[in-house]
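Chemist:
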């Protein structure tokens, strides 16, 4: 699992629920998340480095955004979205559902209507009318199935390598050799179809594994180091670069958010 952003709602609470797409959408859609922030104060969000493209649809405000993959953090203060859904898309999913290569969205935030036209507003209306999270995720399944146009041309080698790097601790050179291609071939393909270099994808995946490890109730900094860092100083350098925080501060932040967040499967 990769975390799109960390929210600080002050005295408010952040509810989050998760859902999986229909099996036919799994090559294209990583997962669904519903979010709701209570309280009237502003919400401060740190958008973390991420290897996916994320759709954000607020059902109470006219906010429909797409954030592309990124290798550096972005502070959104105040964040414009408070109650709605997020959707993670794979590189093939971006091409099949949004009609553009994910490489064009690298590091960018764009209006969903720029890519979907009137369908963006229609999707927001249908999600707002749904009575609960499960119904909203069903709306996403139905809408994406109707919109799905698998791209005629895909780089299967890049797609395979991208998926491997999400969950495996691999050196890019070793992965290229295993796949029987040059490192340069992977780098060119990743820039075009992903928007990040394979080295950055591997680095972001390692950082995301560390963040997820730190959010566990019994987490330790040692668990984060074990996600693929050589030692504590290596972890410190990478966490500073990826979040602007020290490992101790990141640990305290995600633990505090985890305590105040209702994080559970969709009802």
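Residue numbers (our numbering): 65 to 331.
Each residue gets a CB set at the ideal place from its N, CA and C atoms; glycine is no exception.
(1) Taking the straight line between their C-alpha atoms, what separation do you get for residue 161 and residue 93?
(2) Could you pull out every residue in the same chain whose Cβ sits closer than 7 angstroms to the Cβ of residue 66, ignoring the five residues on either side in sequence?
(3) Please report the straight-line C-alpha distance between residue 142 and residue 238, rounded to a whole angstrom.
(4) State the CB to CB distance for the pair residue 121 and residue 179, rounded to an integer number of angstroms; the pair is presumed to be in contact (CB under 8 angstroms).
(5) Specify the secondary structure class of residue 221 as computed by DSSP and reduced to three states.
(6) Quick check on this structure: which residue in 224, 107, 167 has the alpha carbon closest to the alpha carbon of residue 133?
(7) Where does residue 125 land, buried or exposed, given buried means 16+ other C-beta within 10 angstroms?
(8) Do you know offhand how far residue 186's Cα is from residue 177's?
(9) Applying the criterion that 16 or more other CB atoms from any shown protein chain within 10 Å of the CB defines a buried residue, is residue 196 buried or exposed?
(10) Can you tell me the Cβ-Cβ gap for residue 205 and residue 257, rounded? I've got them flagged as a contact below 8 angstroms.
(11) For residue 96, which beta-bridge partners are listed by DSSP?
(12) Ends of the beta strand (DSSP E) at residue 178?
(13) By alpha-carbon positions, which one of 81, 98, 111, 77 ends up nearest to residue 306?
(14) Whole alpha helix (DSSP H) runs in the region 110-163 with 4 or more residues, listed along the chain?
(15) Would you mind sorting residue 103 into buried or exposed? The rule is 16 or more other CB atoms within 10 Å of its CB.
(16) Pull up the distance between the alpha-carbon of residue 309 and that of residue 303, whole angstroms please.
(17) Ignore the nearest five residues each way along the sequence and tell me which others in residue 225's own chain have a CB closer than 7 angstroms to its CB.
(18) Is it right to say residue 279 is buried, meaning 16 or more other beta carbons lie within 10 angstroms of its own, or is it exposed?
(19) Is the CB-CB distance between residue 148 and residue 127 below 9 angstroms?
(20) Go to residue 309, then tell me how far its alpha helix (DSSP H) extends in each direction, as first and last residue.
Modeler: By the coordinates alone:
(1) 9 angstroms
(2) 114, 115, 116, 272
(3) 42 angstroms
(4) About 13 angstroms separates the two Cβ atoms, so there is no contact after all.
(5) helix
(6) 167
(7) The C-beta of residue 125 has fewer than 16 other C-beta atoms within 10 Å across all chains shown, which makes the residue exposed.
(8) Their Cα atoms are separated by approximately 10 angstroms.
(9) Taking all protein chains in view, the Cβ of residue 196 is surrounded by fewer than 16 other Cβ atoms within 10 Å, so the residue is classified as exposed.
(10) Residue 205 to residue 257, Cβ: 25 angstroms. No contact.
(11) 83, 151
(12) It is not in any beta strand (DSSP E) - residue 178 instead sits in the alpha helix (DSSP H) that spans 176-180.
(13) 111
(14) 155-162
(15) exposed
(16) About 6 angstroms.
(17) 239, 243, 250, 262
(18) buried
(19) Yes; because the gap between Cβ atoms is below 9 angstroms, this pair is in contact.
(20) Counting along the chain, residue 309 falls outside any alpha helix (DSSP H), and DSSP gives it neither H nor E.
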